[in-house]
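To keep things clear, I will list the structure first and then write my remarks on it.
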Amino acid sequence: MGHLKTSSLYTTAVILVLLLFLITPTTAASWISPLIIDNTAGATLYVGGVGLGNFTTIQQGIDAATIGDTVFVYDESSPYYETVVIDKSIRLIGEHSTTTIIDGNQQGTTVRILPGANGVLLRGFTIRNSAYECSGIILFSDRNRITDNYITQNDWAGLEFFDCSYNSIVNNTIINNQYGVYSQSASQNSITSNHFINNSWSDISLFWSSSFMITNNEFISKGIFLFGEYLSHWNSHTIESNTIQGQPVRYYKNTYCVNVPENSGQVILANCHGGIIEGIQLSDANAALLIGFSEKLLIRNNDFTHNDYGIYVSTSSALTITHNTFIFHHNSALTLWNSSSTTIRENTILSSTYDGIQLVASHHNTVSHNIMKQNDYGLSLQHSGNIPPGAQYNELSDNLFEDNTIGLFLGDAHYNIVTQNVFTNNDCGLDASGASTNTIECNLFTDNNDGISFHQSCGNIIASNVIRKNLVSGITLTSSSHNNIIHSNAIEANKVGIKNKHLWSSSDNNIIYHNNFRKNTIHHAVDYYTNIWYNQMVGHGNYWDDYTGPDLNGDGIGDIPYTVPGAGNNQDLYPLMNPWVIGSIGTVTTTPVTYW
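In this note's numbering, the protein residues as written are 22 to 617.
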């Protein structure tokens, strides 16, 4: 059907070029099976141009084709504003990759290759402008070859694999998408000799995917990201001869005593045991150092700058991460996901868009003597929807949290110890949401807007802290924060010392005693609900510097209750006549801070 737009000599030349391509051996991995269609059979249908009978749209040509046919698309009628669905085994070939344009016009995925349409050849197009959260190309089928295309400006991924195998992605330019290539639950696909430029999130991201061959690709910025709960999602790939910013992408799997050269652009460790990563400068990657299912690694004296993640650790244990510098990260500088028994010590972490350090569903880790400044969250403990419960049994000590939006965030975090840290000049020093049974003791909270803020957080202990000169409140309890114990704190020179306010629901049954309330400028405390402002067992309450009641028997306990302002009608039945002796907050070996 249809005719070429020029002479019969041109027709013959084009057909010869196509035949030469089709009989050329594939450059994919040896396990990539050949196309299942018969390359010598089938008709050629034409789209665009001026030939008699040529189709107007690409979809018309595909719908008219049968298995084994070729649909050839001229650039004369380009761009083609349509979304294309390939539902059979055909060859779809554009005249020239930079001028034969399929533009999705933000109406959906630009090109979809459906289940059952195995053995498709897609070659020679610019594929662009998918809809929100849609990809340029999505593969649902097997044994396809995507080659010599220019894939750009798609909202989600340039090319997406979904539960498919034995596809070959060769010699494409994939530029200015969010993901260059995104894979979910796919296996045994090949990505070879492609150019990845300015994809904002990553160049290649493999989620819950295995046995990919990634070879001879050039990454201008982001590189490769792996994620999955099983070892095969990490150590079953072949990743060789790729570069990022002209430096090698180094992939080590099933290796003992890793030793990473300094001239590395990105480092990926999968099922590695022992070794040192030292003295490397890594920048402009999605995850500069990516670690999965590994243990007993020493990571020290490295510089990480302008990555999305400086270090991303998954399902690993017994790492030591020390004396590294992290500056300007677009996500978190250092993430532990489902990882344990790791020491993060004496690192400097500055100016992360999100988290300086992030512990997600990670347990029994130690984070100490780090400086976290000018991040969104200095340190964040969170849960993962895939692996409950949240972060537990971590020790966070002797850190400096300064000039962050939130110094420390405890989100669905339990049984953690927060001790001897300095929180200063943050919007909120410590913010807890859905956190329980944590101990927050011997810390300094000074010159923040809010020192400590609890939301839906129960059963925690706040003890022996200095909470001073916070501009809004020293401690805030909101939204069903029940059964917390707040004792032996110096709560001084804040606007409000402790505030229990309405936000969705009440916060009741908190026990508050042995605290020193001094020089708070508006109120020492405001309580709208039912809480206990004394310890009945020992017969002690709190010290209030504006208490004027008598102590006629000289036992150090005021004879008249102290009324706590607010609609809760609460009283401290045993107000202390003298300040309670607060324990030492220890020595934090970070930048000196003026406490008073």
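For glycine and all other residues, C-beta sits at the position ideal for the given N, C-alpha and C.
- Distance from the Cα of F444 is smallest, within the candidate group E423, A456 and N238, for E423.
- Around the beta-carbon of C185, 16 or more other beta-carbon atoms lie within 10 Å, marking it buried.
- Every unbroken stretch of the beta strand (DSSP E) spanning 3 or more residues and falling wholly within the stretch 517-560 is given here in chain order: 517-521, 532-534, 537-539 and 544-548.
- Counting only runs of 4+ residues, the alpha helix (DSSP H) found wholly inside the stretch 229-272 occupies 253-256, in chain order.
- Cβ atoms of N263 and N238 come within 8 Å of each other, at about 5 Å.
- Looking at the DSSP output, I482 shares a beta bridge with T460 and I506.
- In the displayed model, G201 falls within a strand according to three-state DSSP.
- In the displayed model, A291 falls within a strand according to three-state DSSP.
- Taking 8 Å as the cut-off, the Cβ atoms of T65 and T87 do not count as close.
- Distance between F183 and N531, taken at the CA atoms: about 50 Å.
- Shortest Cα-Cα distance from T356 to any of T346, L380 and I342 involves L380.
- Secondary structure remark: continuous beta strand (DSSP E) runs of at least 3 residues inside the stretch 126-202, in chain order: 132-134, 142-144, 147-149, 158-160, 166-168, 171-173, 178-183, 189-191 and 194-196.
- Listed in chain order, the non-local C-beta contacts of T131 below 8 Å within the same chain comprise T104, V105, I123, D124, G125, I148, R149, N150, S151, C155, S156, G157, I158 and N175, local neighbours out to five positions each way being set aside.
- According to the DSSP assignment, G495 belongs to the beta strand (DSSP E) that extends over S494 to T499.
- Shown here, D572 sits in coil according to DSSP, grouped into three states, outside any helix or strand.
- The C-beta of C449 has 16 or more other C-beta atoms within 10 Å across all chains shown, which makes the residue buried.
- The three-state reading of DSSP puts A85 in helix, counting H, G and I together.
- Here the alpha carbons of T276 and F314 stand approximately 11 Å from one another.
- Counting every other CB atom within 10 Å of its CB across the protein chains shown gives M558 a total below 16, marking it as exposed.
- DSSP, reduced to helix, strand and coil, places I473 within a strand of the structure shown.
- C-alpha of L303 to C-alpha of T369: approximately 15 Å in a straight line.
- With contacts defined by Cβ atoms closer than 8 Å, S214 and S230 do not form a contacting pair.
- Secondary structure of I79 (DSSP, three-state): helix.
- Spanning the alpha carbons of N352 and D452 requires a straight line of approximately 19 Å.
- In this structure, the CA atom of R539 is about 45 Å from the CA atom of N328.
- In summary, G74 is exposed, with fewer than 16 beta-carbon neighbours lying within 10 Å of its beta-carbon over all protein chains present.
- Closest option to N510, judged by alpha-carbon separation, among D529, S253, I533 and N284: I533.
- Counting the other CB atoms within 10 Å of its CB gives N599 a total below 16, which places it among the exposed residues.
- D572 and S362 have their alpha carbons spaced roughly 52 Å apart.
- Looking at the DSSP output, C449 shares a beta bridge with I427 and D471.
- For Y583, the pairing in a beta bridge is given by DSSP as D593.
- For I488, the uninterrupted beta strand (DSSP E) segment begins and ends at V487 to R489.
- Note: I114 is bridge-paired with F93 and R144 in the DSSP secondary-structure output.
- The secondary-structure analysis by DSSP pairs V334 across a beta bridge with I312 and L357.
- I190 is positioned such that its CB atom lies no closer than 8 Å to that of F161.
- DSSP lists I297 as the beta-bridge partner residues of N280.
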